[in-house]
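Peer 1: Dumping the structure here so I can ask a few things about it.
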Amino acid sequence: MRHEILHFLSHVKDEQTMNRVIASMNAEAFESLLHHLQFTSPDTQERWRELLSKMLR
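Our numbering numbers the first residue of the sequence shown as 5 and each following residue consecutively.
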């Protein structure tokens with residue numbers, strides 16, 4: 005587990021930044037993001053889930 009990824013996931017709040025990060029990922033990177041989200045706070049998980057939901061609609 006990489007602590008810098010956890011830090012990024014927990015502290016980024018700008019939706020444009022979050023969108024760019026997700027849009028640039030391949031399948032392996034996306035899987036890693038989902039894995040690391042498991043180790044963040046419920047608020048962080050919800051923020052990322054909401055963004056992913058918007059992107060998938």
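Here a beta-carbon is modelled for each residue, glycine too, at the ideal position from N, C-alpha and C.
Because the structure is a prediction, the values reported are computed rather than measured.
On the DSSP letters alone, give me the boundaries of the alpha helix (DSSP H) that K58 sits inside.
Peer 2: Mapped onto the sequence shown, residue 58 falls at position 54. Its alpha helix (DSSP H) spans residues 46-60.
Peer 1: Could you give the distance in angstroms between the alpha-carbon of F34 and the alpha-carbon of I26?
Peer 2: Looking up residue 34 in the sequence shown gives position 30. Looking up residue 26 in the sequence shown gives position 22. Each residue's alpha carbon lies about 7 Å from the other.
Peer 1: Closer than 7 Å by C-beta to Q49: which residues in its own chain qualify, once you throw out the five before and the five after it? Chain order, please.
Peer 2: Within the sequence shown, the letter at position 45 stands for residue 49. Result list for Q49: L41, in chain order.
Peer 1: Can you give me the Cβ contacts of E19 inside the same chain, cut-off strictly under 7 Å, excluding the 5 residues immediately before and after it?
Peer 2: By one-based count along the sequence shown, residue 19 stands at place 15. Same-chain partners within the cutoff: L55.
Peer 1: Quick check on the burial criterion: 16 or more other C-beta atoms within 10 angstroms. Buried or exposed for M29?
Peer 2: As a first step, residue 29 must be located in the sequence shown, where it is residue number 25. By the neighbour-count rule (16 or more Cβ atoms within 10 Å), M29 is not buried but exposed.
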